[in-house]
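Structure record follows, encoded as structure tokens.
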Amino acid sequence: MSAWMQTATGRDFVLRTPHVEPGHLFTEIAPALARIPRFNGHTVEAYSVAQHSVLCAEAAEDETGDLELAAYCLLHDAHEAYVGDITRPVIAALAEQLADGVDPTTARLVGQSRAQHFHNSLHRVKAGIDTEIAYAAGLDIDGLMRHRATVMAIDLRALRTERDDLMLDGSRRWEGGVEGAVRLPVRTGRIRPLSETQALAAFAEALQRLCPSTAAANPARW
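For the sequence shown, the working numbering gives the first residue as 3, with consecutive numbering after it.
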């Protein structure tokens with residue numbers, strides 16, 4: 003049997019052949035993202051993936067006025083409702099672990115090959131879910147690739163902004179371009195963490211506004 007999980011609505015979700023309907027954006031994805039913490043919870047206050055997603059969407063809209071880009075920013079981490087927020091350090095550690103146990107002569111080649119296979123496999127699982135989510139939100143699948151680089155850049159800037167606003171000063175510099183990233187504009191000046199209920203409502207409101215075809219699927223409107 004292909005790997006599956008049970009969702010908040012009680013249905014089975016097969017991760018390699020996912021199925022997402024518009025209603026699931028509100029009944030499964032929004033609640034899960036509002037409960038999943040960024041940085042594995044290592045912030046001075048609880049801060050959710052849902053609020054992170056809204057932060058990215060609002061910044062994209064404020065800086066560019068491009069509502070389609072803002073919609074993709076809002077949903078760029080929506081797959082985490084099903085796979086969780088696997089942080090960048092954890093992914094890097096797993097890739098390093100895959101190279102262990104190989105003799106020194108072949109360690110570099112085999113380690114790189116195993117790590118690349120891991121990255122590719124994880125990406126394919128996420129991409130399949132992202133595609134289903136985009137369809138459910140009424141978005142153009144081509145846009146998923148068209149805006150990919152811009153969304154990634156905004157996500158990196160969000161990481162820098164969140165690190166500065168929500169975490170204690172650390173003893174080491176961050177990698178991956180975080181230190182050189184420019185802060186995102188934050189409508190409240192600095193990030194003010196929302197409660198689970200507030201984050202869920204903010205995500206659902208942004209979803210309805212940026213992806214209007216989903217509004218009829220929101221149970222709160224029934």
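For every residue, glycine included, the Cβ atom is placed at its ideal position computed from N, Cα and C.
Computed from a predicted model, the values in this text were never measured in an experiment.
Among the options, the one whose alpha carbon lies nearest that of residue i
| i | options | result |
| --- | --- | --- |
| Thr19 | Ile135, Arg159, Ser197, Ala204 | Ile135 |
| Thr190 | Asn42, Asp64, Leu96, Glu23 | Asp64 |
| Gly86 | Ser115, Leu69, Gly43 | Gly43 |
| His78 | Arg159, Leu202, Met154 | Met154 |
| Pro33 | Thr9, Phe15, Val16, Thr45 | Thr9 |
| Ile156 | Asp14, Leu27, Gly12, Ala62 | Ala62 |
| Ala222 | Gly145, Leu27, Asp167 | Leu27 |
| Leu186 | Glu70, Arg162, Tyr74 | Arg162 |
| Arg126 | Leu17, Thr152, Met7 | Leu17 |
| Tyr74 | Thr11, Gly145, Ala201, Gly182 | Gly145 |
| His149 | Val92, Val188, Ala183, Leu76 | Leu76 |
For residue i, the three-state DSSP class (helix, strand or coil)
| i | result |
| --- | --- |
| Val16 | strand |
| Ser50 | strand |
| His26 | helix |
| Thr133 | helix |
| Gly140 | coil |
| Val112 | helix |
| Val184 | coil |
| Asn122 | helix |
| Ile193 | coil |
| Glu65 | helix |
| Gly145 | helix |
| Ser215 | helix |
| Glu177 | coil |
Residue interval of the alpha helix (DSSP H) (run including residue i)
| i | result |
| --- | --- |
| Met7 | Counting along the chain, Met7 falls outside any alpha helix (DSSP H), though it belongs to the beta strand (DSSP E) covering 6 to 8. |
| Ala72 | 69 to 77 |
| Met225 | Look at the range of the chain in this structure, 3 to 224, and you will see that residue 225 is not part of it. |
| Ile93 | 90 to 99 |
| Glu207 | 198 to 212 |
| Ala83 | 82 to 85 |
Residue(s) in a DSSP beta bridge with residue i
| i | result |
| --- | --- |
| Pro39 | Ser50 |
Length of the line joining the Cα atoms of residue i and residue j
| i | j | result |
| --- | --- | --- |
| Tyr49 | Thr29 | 20 Å |
| Asn220 | Ala101 | 46 Å |
| Arg40 | His54 | 8 Å |
| Thr89 | Ala83 | 14 Å |
| Tyr137 | Ile143 | 7 Å |
| Ser215 | Gly140 | 6 Å |
| Ala72 | Ser173 | 34 Å |
| Glu47 | Asp132 | 29 Å |
| Asp68 | Glu60 | 10 Å |
| Trp224 | Arg116 | In this prediction, Trp224 scores a pLDDT of 46, lower than 50, which makes its location untrustworthy; the coordinate-derived value is nonetheless stated afterwards. In a straight line, the C-alpha of Trp224 is about 49 Å away from that of Arg116. |
| Pro24 | Leu170 | 38 Å |
| Ala97 | His121 | 8 Å |
| Arg165 | Ala5 | 34 Å |
| Val51 | Arg37 | 8 Å |
| Trp176 | Ala206 | 32 Å |
| Leu212 | Glu198 | 21 Å |
| His21 | Gln210 | 20 Å |
| Lys128 | Arg159 | 21 Å |
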